[in-house]
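The sequence shown finishes on residue 374 if you use this note's numbering, and the numbering steps up by one all the way, no holes.
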Amino acid sequence: MTRVLILGCTGSIGVQALDVIDACDDLELAGLACGTRSAEMRAEAVRRGVRHTCAADGGGSVPHTPDLATLIDETAPDVVLNAIVGSAGLRPTVAALERGVRVALANKETLVAGGEVVSRVRARTGAGLVPVDSEHSALFQLLEGRDAATVRRIVLTASGGPFRGRDRASLSGVGPADALRHPTWDMGAKITIDSATLMNKGLEVIEAHHLFGAAYDDIEVVVHPQSTVHGLVRLVDGSVLAHMGPPDMRVPIGYALRHPAPPPPRDPVELVGMGLTFEAPDTAAFRCLDLAVAAGRAGGLAPAVLNAANEVAVARFLAGDIGFLDIADVVERALEDVPDGPGDELEAVMAADAAGRERAAAPAGGVRA
Ligand code: MG
């Protein structure tokens, strides 16, 4: 029996993880944590007889999210599924890994902001980390057990989001409702906007760099609108391995929770009559992809600033405060002032995160010094 603690249980991934646990006899729910929807979480906890809960708004059995470490101690899970949105997920990831508890990571911001922190803790405790992000789950499965000398490059696929094919000029007037209409994936608001700007793929490049130890030159992005091929691995002999599956997050969730056991069988992908296409991303219309990769290459605290600024910019876009194209501008401006120092110390990363948030919250032209 694998006991699972779910952080972010009321979000899209959290709810689908509960589905996966219901469907698998060898998975058991150990505890629940959420951000603000604590009434929903409490109802779920009562229904499932779960005693240990934690909510950021104080509505759980453990009072506040800084005490997620306490929740981990109380529940003693085999695996923590981290489905928190944003860099708020970094501390609990580190708390679990420090205790030697395996993490199923659906919080990509953890690795974007604190990839080096995570590597250092894992090197010390040996705790496992399995990605839940669909592309990384695919690459993880393709690379597992493979001799690294046979691998030339890894390729992340992107759906292209709702605005694929549109030029920059046509994007100036799009609003939150347009951007939230994702063609293939049903996800939470933050990641859906990130998907529309291609920032999501930029964050995923940084995530892949840390997860697989791949150099940025060895990570490629292709747009694949059908969202059927989730990852590709180019081998040195010229062949390419592909991982295919339905666009359903329960597949990577199930894999991450049960790893190293095989995932439960799923409906096969409908391949007959399906045209699979691949095209280069339009980085002129969607500037966030290049901004993210540049921050990843710069290293240090730049990815933490990028991620924090993006979180604020997306919130401002959703609130109607800035336009769609302004998201990249806000992030770019925040990156003009990155604190010096290495990126492998948790408190320095959180301070850079706070600085990035402050710059991104400032009105254009009036960035506070
Ligand atoms: Mg993804």
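Note that CB positions come from ideal geometry on N, CA and C, so glycine has one too.
Local conformation of residue i per DSSP, three classes
i: I89; result: coil
i: C29; result: coil
i: T155; result: helix
i: P257; result: helix
i: T162; result: strand
i: P136; result: strand
i: C14; result: coil
i: G371; result: For G371, the pLDDT reaches just 48, beneath the cut-off of 50, and the residue's location in the model is therefore unreliable, although a value from the coordinates is still provided. Residue state, collapsed to three classes: coil.
i: V179; result: coil
i: E363; result: helix
i: E149; result: coil
i: T7; result: strand
i: G19; result: helix
i: R42; result: coil
i: I224; result: strand
i: A35; result: strand
i: L237; result: strand
i: L306; result: coil
i: H215; result: helix
i: L281; result: coil
i: H248; result: strand
i: V84; result: strand
i: T58; result: strand
i: V108; result: strand
i: T115; result: helix
For residue i, the nearest candidate out of the options (CA to CA)
i: V241; options: A153, D30, C29; result: A153
i: N112; options: V135, L161, E103, V106; result: V135
i: G165; options: A201, G178, A50, C59; result: A201
i: E114; options: L23, Q231, T233, I196; result: I196
i: E225; options: S175, R171, L294, D172; result: L294
i: A223; options: T282, R158, L246, P257; result: The sequence given here has Asp at residue 223, not Ala. For the residues T282, R158, L246, P257, the minimum Cα distance to D223 belongs to R158.
i: D83; options: G105, M254, D62, L147; result: G105
i: M249; options: H229, D62, A357, M204; result: H229
i: G325; options: G133, D183, V55, L147; result: D183
i: A88; options: A50, R173, E316, A109; result: A109
i: V117; options: D62, T80, E149, G305; result: G305
i: I198; options: G19, A28, E316, A44; result: E316
i: G193; options: S17, F322, V137; result: S17
i: A93; options: R125, D72, E79; result: D72
i: T288; options: R173, F322, F217; result: R173
i: V4; options: A320, T7, D349; result: Limits of the chain in this structure are 6 at one end and 374 at the other, which puts residue 4 out of reach.
i: G218; options: L37, L281, F145; result: F145
i: L208; options: N312, L276, A35, P251; result: N312
Residue i: CB within 7 Å of a non-hydrogen atom of the ligand MG
i: E121; result: no
Residues near residue i by beta carbon distance below 8 Å, same chain, minus five either side
i: A351; result: Per the sequence presented here, residue 351 reads as Leu, with Ala not at that position. If we look at L351 and ignore the five residues flanking it on each side, its Cβ neighbours are L95, R96, V99, G119, V122.
i: L176; result: F168, A290, F329, L330
i: V227; result: V160, L161, T162, A163, L237, F283, E284, A285, P286
i: E337; result: R292, L296
i: R373; result: The predicted position of R373 is uncertain, since its pLDDT is 41 and thus under 50; a value taken from the coordinates is nonetheless stated next. Excluding residues within five positions, the ones whose Cβ falls inside 8 Å are E363, R364, A367.
i: A279; result: It is Met, not Ala, that sits at residue 279 in the sequence shown. Closer than 8 Å at Cβ, skipping near neighbours: Q231, T233.
i: V25; result: L32, R255, I258, G259, L262
Spatial neighbours of residue i in its chain, beta-carbon cut-off 7 Å, leaving aside the 5 residues before and after
i: G301; result: V210, I211, H214, Y221, P308
i: T130; result: L102, E103, G105
i: A247; result: V234, L237
i: Q21; result: M254, R255, I258
Cβ shell of residue i (< 6 Å), same chain only, five flanking positions each side left out
i: R239; result: R157, R158, V245
i: L148; result: none
i: R186; result: P167
message: Give me the pocket residues for the ligand MG, defined as CB within less than 6 Å of any heavy atom, sorted by chain position.
response: A distance filter of 6 Å between CB atoms and the heavy atoms of the ligand MG selects the following residues in sequence order: D138, S139, E140, E209.
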